[in-house]
Amino acid sequence: MVTIRDVAEHAGVSVSTVSHAISGKRPISQVTRQRIFQAIEQLGYEPNPAARALRTKSTGVIGFFAFDITEVFAARIIHGVERIVREKNCFLLFTSGVGFNYDLAQGIDFLRKRRVDGIIIAYGVRQEISPKTFDLSNIPLVTINTFVDLTIPSLHPDDFQGGKEAALHLVSKQARHPAMIAGPENRLASKERLLGFQKGLEECGMPFDASEMVMYGDFGAESGSYCFDALLKACPDLDAVFCANDYMAAGAINRAITSGISIPQDMHIIGYDDREFAAFWPIPITTFAQPLEYMGELGATMLFERIDGHNPEPSMIKLAPTLIARQSS
């Protein structure tokens, strides 16, 4: 059986240096690190996780709870989290609530019993969770698109800024009669995108009357179609529509095409979220991409800082989206 001492001798370094390289706890030169991992690969050495846990009180496992682990939002965040976790020579343990009547408290309890070093909680739909929902003691925690309380670091998409930039983009395209297809009124992301859109128009000196300029859909493509019809009926001079997601933008574009409206010559339509289909729609959709992978990377980095005992001031960080300009505007 290959031991850590064999790796050290093969790489020409001390046992402690090999240990530091594997744990990622202390800085090691890139040359030395590469030599150590080459030795590990050549010798087929496999660190004993149980022994490491006894020695360092660390299991090398990070817990991740997502309400729906199959949803694109969670999947892209996980990709970013895992990049950082693997750089630290650790692994992820996932648990999900979707379809199993499996709530957050149960998920956190499951992860704690597996002695994970820390936990990341991520929701696709913005959530505000009571700190009484689960036991917060003695476990490093970071949340993404989820707010528990100000003592826990959290990362959020800046939906207000995205809505504001949508308004500025449409005004830059000489839109004179813009409107918005918002999502459900009880969804925080949709509310913030709408407030940002209103703010952007007002900063450009354009009037904003929600009763005439806003229709509420359900984030589905069909609702984008009928909301577009309703906006056009309320304002025959309509020349630009900001949709709170790409599905509703797709529905609005389809309805505009069947109505004989030229895009973008007579109508600018933009979406949000940069879904996979947006670039391949009959008229590729201008949209906003959220920095989901970066959110995962930053969330994991913040978690490891807390695990290592570096506890910066708890913060709520908002990350702005990026405009992806395509042919629909």
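The sequence shown begins at 2 in the numbering used here and counts up by one. Using N, Cα and C, we set each Cβ at its ideal position, and we do this for glycine too.
Cβ neighbours of His80 within its own chain (closer than 6 Å, five residues either side excluded): Glu294.
Non-local C-beta neighbours of Glu83 in its own chain, meaning closer than 7 Å and more than five positions away in sequence, comprise Leu93, ordered along the chain. Per DSSP, the continuous alpha helix (DSSP H) segment holding Ser224 begins and ends at Ala222 to Ala235. Between Phe243 and Pro179, the beta carbon gap of about 7 Å places them in contact (Cβ cut-off 8 Å). Looking at the backbone, the Cα of Ile182 and that of Thr134 are separated by about 34 Å.
Take Gly184, set aside five residues on each side of it, and the residues of its chain with a beta-carbon closer than 6 Å to its own are Ser191, Phe220 and Ala245, in chain order.
Between the beta-carbon of Leu320 and that of Pro158 there is about 6 Å, and that keeps the pair under the 8 Å contact cut. Between Ile140 and Ile121, the beta carbon gap of about 11 Å keeps them out of contact (Cβ cut-off 8 Å).
Under DSSP, no beta-bridge partner is assigned to Val19.
Distances from the CA of Val149 to each of Gly201, Asp240 and Asp136 were compared; the closest alpha carbon is that of Asp136.
Secondary structure of Asn255 (DSSP, three-state): helix. The beta carbon of Pro285 sits closer than 8 Å to those of Ala279, Arg327, Gln328 and Ser329, all from its chain and outside the five residues before and after it, given in chain order. Rounded to whole angstroms, Tyr248 and Arg127 show a C-alpha spacing of 18 Å. Contact between the segment 189 to 207 and the segment 156 to 174 is present, with at least three C-beta pairs closer than 8 Å. Within the model, the alpha-carbon separation for Leu105 versus Arg116 is close to 17 Å.
Only buried fits Ala241, as 16 or more other CB atoms lie within 10 angstroms of its CB. Relative to Val62, the option among Ser15, Arg113, Pro237 and Thr287 whose CA is nearest is Arg113.
The DSSP-derived three-state label of Val32 is helix. The DSSP-derived three-state label of Arg188 is coil.
Taking 8 Å as the cut-off, the Cβ atoms of Gly163 and Phe289 count as close.
The beta carbons of Gly201 and Lys165 sit closer together than 8 Å. DSSP, reduced to helix, strand and coil, places Lys133 within a helical segment of the structure shown. With fewer than 16 other CB atoms across the displayed protein chains lying within 10 angstroms of its CB, Val32 is exposed. Bounds of any alpha helix (DSSP H) do not take in Ala280, whose DSSP letter is neither H nor E. Note: Lys319 is bridge-paired with His157 in the DSSP secondary-structure output. Taking the Cα positions, Ala12 is about 6 Å away from Ala40.
Within 10 angstroms of the beta-carbon of Thr4 lie fewer than 16 other beta-carbons, which makes it exposed. Where His269 is concerned, the enclosing beta strand (DSSP E) starts and stops at His269 to Ile271. Excluding its 5 nearest sequence neighbours in each direction, Met296 has C-beta neighbours in its own chain below 7 Å: Ile78, Gly81, Ile145, Leu156 and Leu320, listed in chain order. Per DSSP, reduced to three states, the secondary structure at Ser173 is helical. With fewer than 16 other Cβ atoms inside 10 Å of its own Cβ, Leu151 counts as exposed. Between Val143 and Met303, the gap from beta carbon to beta carbon is short of 8 Å.
Taken through DSSP and simplified to helix, strand or coil, Gly297 comes out as helix. When DSSP states are grouped into helix, strand and coil, Met181 belongs to the strand group.
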